[in-house]
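These notes concern the structure reproduced below.
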Amino acid sequence: MAWFYLGVAGLLEIGWAVGLKYSEGLTKLGSSIATGVMLIGSMALLALALRDLPLGTAYAIWTGIGTAGTAILGIWLFDESAQPLRLACLVMIVAGIIGLKLLGGKPA
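Residue numbers for the sequence shown follow this note's numbering, so the first one is 4 and each next one is one higher.
This is how it looks when you write it as structure tokens:
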């Protein structure tokens, strides 16, 4: 269940990061509230995941999901750069997330 919590926490991480953009500096009330709710949910689910997962693994995966997902949505939604080298870096982040998942587990 911890991996599920971590995955959803990572998706909420993407949501609140993109929500910050839509809130226009927290000046739009609806977007700002949604951003805050996703931020709190992301932290709460990360905390639940940390009950069973090693801190370093869980935090790296959580931030990796958020980083890669936010960058991908930035390209798609906000016309950010999609240079091949930038995409290659995103692939490396995803490869790192997969590697940490495969090698992660309960602390010794």
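Every residue gets a Cβ at the ideal spot worked out from N, C-alpha and C, and that includes glycine. In this text the structure is predicted, and so the values were computed from the model without any measurement.
Counted as a single uninterrupted DSSP element, the alpha helix (DSSP H) harbouring L9 occupies residues A5 to Y25. Straight across, the Cα-Cα distance linking I64 with T30 is about 31 Å. Our two residues, A91 and V97, have alpha carbons roughly 10 Å apart in a direct line. In this structure, the beta-carbon distance from G13 to I78 does not fall below 8 Å. In the structure shown, P57 falls within a coil segment according to DSSP collapsed to helix, strand and coil. Under the three-state reduction of DSSP output, S84 falls in the coil class, being neither helix nor strand. Here the C-alpha atom of L106 lies approximately 20 Å from the C-alpha atom of L93. For L49, the enclosing alpha helix (DSSP H) stretches over residues L32 to A52.
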